[in-house]
Amino acid sequence: MQNVPLSKRRLKTKPVLTLLAILFAGNIFWFVLWLFALGNDGDNGDSETIVASVSGEKITRQQWMAEMERYYGKETLQHMVNEKVMKKAAKEFGIDVSDEEIDLELSLMIASSEMDSSLQQLGEEELKKQIQSQLILEKVLTKDVIINEEDMEKYYKENESFYNIPTTYRAKLIVVNTKKDAEKVLKELDEGSDFSVLARERSVEQVSASLGGDIGYISKQSNVDPAILKALQQLKENEISSPVLLRDGRYGIVQLNEKKEGKSFKYEEVKNHIKRVLAMEQLPTSITPELFWKEFDVTWFYGE
């Protein structure tokens with residue numbers, strides 16, 4: 098195997114939420130990682146296990162995994178290597194990322210209308226893990242950049258609304274055509290049926306149905322039916338609404354999974370975030386984790 102050459106791209110001069118959306122624009126990586134982990138877990142990893150069949154012709158786990166590796170293996174391995182490289186870089190340069198910094202970035206991501214929908218489908222812990230890696234990278238890149246206090250204060254004043262975070266709701270939704278259909282669904286939920294399962298089976302809104310009803314994080318800034326937001330505002334966590342008339346004449350039932358109270362961040366609370374954003378904008382080119390591969394003696398299967 099060979100050492101990986103350095104690579105450079107044009108700089109993306111946006112906050113961490115946009116960078117993350119670019120770097121982790123799909124959650125296929127996490128699905129593939131889960132498959133590989135499952136493949137190493139006792140009997141579940143039997144290479145001859147039948148995962149599907151067509152007219153009696155079998156598809157084995159080994160065939161399935163080989164196909165997954167062919168299409169997604171390189172990108173998945175690259176992500177795994179980058180994660181380890183960033184941990185090494187943090188130790189090498191004495192970089193620390195606090196829980197408060199991660200929580201701030203997560204709040205900004207959730208509140209941002211630019212947040213990629215696939216990112217919204219990741220769990221909070223996985224999002225925090227990716228935020229931590231990205232913050233390490235940005236801190237390493239900007240550790241020697243000097244930013245004027247006056248420029249930081251000016252940036253805050255010009256972007257103060259960005260740091261006024263509205264209350265957000267993580268929710269699931271089932272949409273049906275009639276009130277009668279909605280009442281039937283609600284009855285099944287009252288009898289103990291799982292919301293996600295019913296969303297997949299009954300919801301006529303195909304995108305959210307395929308995700309078990311998950312519609313991500315909702316706030317007053319979201320492009321969502323006002324009736325859905327109003328219903329969420331009246332619920333406690335894990336409660337389910339009564340049928341809600343939507344503006345297109347259909348009916349919805351929503352479940353509130355999590356509520357995050359809004360907050361207005363003062364300058365001192367976001368000062369370090371602003372410093373990093375402005376410092377990143379001063380860099381002439383974007384630098385991805387691959388730039389550090391040579392320094393940390395990375396070799397890999399693809400050997401480019």
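In this text, residue positions in the sequence shown follow this note's numbering: the first is 98, and each later residue adds one.
For each residue, glycine too, the CB sits at the ideal point set by N, CA and C.
I'd like to confirm the pairing. Which residues does DSSP put opposite Thr265 in its beta bridges? Lys357
Excluding sequence positions up to five away, which residues of its chain have a Cβ less than 6 angstroms from the Cβ of Thr264? Glu358, Gly359
Assigned secondary structure, Leu343 (DSSP; H/G/I helix, E/B strand, else coil): coil
Nearest-angstrom Cβ-Cβ length linking Leu326 and Leu353, presumed shorter than 8 angstroms: 11 angstroms between Cβ atoms; not a contact.
Looking only at C-alpha atoms, which of Asp311, Gln303, Ile271 sits nearest to Leu295? Ile271
Nearest by alpha-carbon distance to Glu336: which of Arg347, Val351, Gln303 is it? Val351
Taking the C-alpha atoms as reference points, what is the distance between Leu375 and Lys171? 33 angstroms
Could you give the C-beta distance for Val282 and Arg299, rounded to a whole number, given that I count them as a contact under 8 angstroms? With a contact defined as Cβ atoms closer than 8 angstroms, Val282 and Arg299 qualify at about 6 angstroms.
Sort Asn261, Asp241, Glu285 by Cα distance to Gln318 and report the nearest one. Closest by alpha carbon: Asn261.
Bridge partner(s) assigned by DSSP for Ile207: DSSP lists no partner for Ile207.
Taking the C-alpha atoms as reference points, what is the distance between Phe389 and Thr396? Computed Cα separation, rounded: 12 angstroms.
Buried or exposed for Glu386, please, with buried defined as at least 16 other CB atoms from any protein chain shown within 10 angstroms of its CB. Before going further, note that residue 386 is Pro rather than Glu in the sequence given. Buried.
Cβ-Cβ separation, Gly309 to Ser290 (assumed contact under 8 angstroms), whole Å: Wrong, their Cβ atoms sit about 13 angstroms apart, outside the cutoff.
With Tyr399 as the anchor, note down where its beta strand (DSSP E) starts and where it stops. Element bounds for Tyr399: n/a, residue is neither H nor E.
Assuming Ile233 is part of the beta strand (DSSP E), what are its boundary residues? Counting along the chain, Ile233 falls outside any beta strand (DSSP E), though it belongs to the alpha helix (DSSP H) covering 221 to 239.
Between Gly139 and Asp200, what straight-line distance do the alpha-carbon atoms span, to the nearest angstrom? Interpretation of Gly139 is limited by its pLDDT of 47, a score under 50 that renders its predicted location unreliable; no figure is taken from the coordinates.
CA-CA distance, Val321 and Ile315? 8 angstroms
If distances are taken between C-alpha atoms only, which option among Ala324, Ile312, Asn274 comes closest to Val301? Asn274
Nearest-angstrom Cα distance between Lys269 and Pro340? 13 angstroms
Using the Cβ count rule (16 or more neighbours within 10 Å means buried), how would you classify Tyr252? Burial call: buried.
Who pairs with Ile271 in a beta bridge, going by DSSP? Ile350
Take Ala324 and list the residues in its own chain whose beta-carbon comes closer than 8 angstroms to its own, dropping the five residues that flank it on each side. Val341, Leu342, Leu343, Arg344, Gly349
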